[in-house]
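Asker:
Chains as they are written, first to last, in this note's numbering: chain V, 1 to 201; chain E, 1 to 73.
1) Give me the chain V residues within the contact set of residue 61 of chain E, using Cβ-Cβ distance strictly less than 8 Å, ordered along the chain.
2) Taking beta-carbon pairs under 8 Å, can you tell me which members of the segment 136-158 of chain V lie near chain E?
3) For residue 145 of chain V and residue 138 of chain V, what's the separation of their Cα atoms in angstroms?
4) I'd like to know whether the C-beta of residue 41 of chain E is nearer than 7 Å to at least one C-beta of chain V.
5) Output the distance between the C-alpha atoms of residue 74 of chain V and residue 63 of chain V, rounded to the nearest integer angstrom.
6) Give me the Cα-Cα distance between residue 88 of chain V and residue 122 of chain V, rounded to the nearest whole angstrom.
7) Could you name the residues of the segment 113-127 of chain V whose beta carbon sits closer than 7 Å to any beta carbon of chain E, in the order they occur along the chain?
8) What's the C-alpha gap between residue 27 of chain E and residue 68 of chain E?
9) Taking 8 Å as the cut-off, does the segment 36-50 of chain E touch the segment 94-105 of chain V (at least 3 CB pairs, one atom from each stretch)?
10) For residue 115 of chain V and residue 177 of chain V, which I take to be in contact (beta-carbon distance under 8 Å), what is that distance rounded to the nearest angstrom?
11) Where residue 191 of chain V and residue 33 of chain E are concerned, what is the direct C-alpha to C-alpha distance, given to the nearest angstrom?
12) Which runs of the alpha helix (DSSP H) fall wholly inside the segment 46-117 of chain V and span at least 4 residues, in chain order?
13) Scan the segment 21-38 of chain E for residues whose Cβ lies nearer than 7 Å to a Cβ of chain V and list them as they occur along the chain.
14) Kindly indicate if chain E contains any beta-carbon less than 7 Å away from that of residue 131 of chain V.
15) Applying a beta-carbon distance threshold of less than 9 Å, which residues of chain C neighbour residue 65 of chain E?
16) Excluding five sequence neighbours on each side, which residues of the same chain lie with their C-beta closer than 8 Å to the C-beta of residue 37 of chain E?
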C-alpha cells in the first residue's frame, strides 16, 4: 500500500513538473511578444499617451516578475489580457498621432506667418523702448508706469519668442504657434502702452 | 533742381520690405523734426533718431517738407 502511494505521489510530481515545463515556453514567448509589440510604438506612446503606456508597462513588469519566479501558469493566464491592452494602446496611439500630425501641419502654416511678422513687431517695440529710454521726459501719451510695463512686456516677448523658435526647431509646431500667438497678443498690448497703433492683421 | 521741391516718396520696393509696426507721420506745414520728436518721444533733442530713420528721403534734418511721410522708429 505504501509502495502504491509513493508511486502515485511520484507520478503526480512528474505530471506537475511536465505541466510546468509545458507552460514555460508559452509564458516566455508571451512576454517576449508583448515586449516586441510595445517596442514597435513605444516612443510615440511615451510622447502622446504616457499614462496609458505606464499602466501597460506596469502589467508587463508584473508578468516578467512572475516569469522570473517560474510562475508560468500565471503568465500564460494573464498574457491574453495584456496582449489586448497593448493592441488597444497601439490603436489609441495611432489615432492620437494622426490627430497630432494634422494639428502640427496646420500649426506649421500659422508659424510661417508668425515668423515673418513677429520679429518685426519685436524690432519696432525694441526701437521705441530704446529711444524712449534716452528721452529726458516721456511723451504725453506714455506714463512712466506704462513705459515700465512696456519694457517688462518686451523682455517677456523676447524670451517667449526664443522659446517658440526652440519648440518649432524641435518639431513641435503646435507649441511653437501657441507661444507665438501669446507673443503677438503681448506685443499688441505693449504697442498700446507705447502709444503705437497695432498694425492691421 | 525742380525735383528737390517735390515731397519725396520712399522707394516702393523698400516700402514693401518696411516694418509694418513702425509708426509714420505725414509732415504738416510748420513742422520740424524737433517738434515731431517732442510729440512722439517727449524730447525734442531726439530728432536725429527720426532723421536717421529717414535718410532715404531726407538729406538735411532742417529741411522737411509738408506731405513727406516719415518713419517714426
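Even glycine gets a Cβ: it sits at the ideal position worked out from N, Cα and C. Predicted, not measured: the structure shown is a model, and the values here were computed from it.
Answerer: Taking the definition as stated:
1) Near residue 61 of chain E there are no residues of chain V at all, since even the closest Cβ is about 16 Å away, more than 8 Å.
2) Of all residues in the segment 136-158 of chain V, only 136, 137, 138, 139, 140 and 142 place a beta-carbon less than 8 Å from a beta-carbon of chain E.
3) It is roughly 11 Å from the alpha-carbon of residue 145 of chain V to the alpha-carbon of residue 138 of chain V.
4) yes
5) 8 Å
6) 47 Å
7) 120, 121, 123, 124 and 127
8) Roughly 5 Å between the two C-alpha positions.
9) Too few Cβ pairs lie closer than 8 Å, so no.
10) The pair is not a contact, with the Cβ atoms about 10 Å apart (cut-off 8 Å).
11) 22 Å
12) 50-68
13) 21, 22 and 23
14) For residue 131 of chain V, a Cβ of chain E is located within less than 7 Å of the residue's own Cβ.
15) Judged by its chain identifiers, the structure shown contains no chain C, and its protein chains are V and E.
16) 43, 44, 45, 46, 47, 49 and 50
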